[in-house]
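Structure first, commentary second.
Residue numbers (full-length UniProt numbering): 1 to 156.
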């Protein structure tokens, strides 16, 4: 069973307003312990107009999120050490990152896992493998802002 869903919240309006007011690309932090996966997704998002940073573990993700202040986070769930769910919960507890949209990027396909991720603070859940363009569309919906170099394929 594949899950792809999101729940926009009022907090995301701030992100869209900030991006629109400053005419800057939305910042997206990509977190995955598989280096090739993280780097390729970040490169794809950058080519779609996002400003991206990459973390390969939960500890680095928290550090980058607190220093760089992303507008959205794509977060692998199953990572050694600090899990993606633990990162999401920590981000939700901090006033600095509580309203940042979080997209779970996971290989798990159970309804229980899906519900746990939503309860843990994720705004959307994508089951791997997923078309990177779907991630662009979900991030755009969550952040309420399109990437800066929008291509015609995003309009379909």
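The C-beta atom is built at its ideal place from N, Cα and C for all residues, glycine as well.
Secondary structure remark: continuous alpha helix (DSSP H) runs of at least 4 residues inside the UniProt domain "Response regulatory" (27–143), in chain order: 35–47, 58–68, 84–93, 111–119 and 132–143. Contact between residue 88 and residue 75 holds: CB atoms are separated by about 6 Å, below the 8 Å threshold. Between residue 71 and residue 143, the C-beta gap is smaller than 7 Å, which places the two residues in contact. Contact annotation: the region 125–142 touches the region 97–116, with at least three C-beta pairs closer than 8 Å.
Counting only residues of its own chain and dropping the five nearest sequence neighbours on each side, residue 62 has a CB closer than 8 Å to the CB of 82, 87, 90 and 91. For residue 64, the CB contacts under 8 Å within the same chain, skipping 5 residues up- and downstream, are 29, 53, 55 and 70 in chain order.
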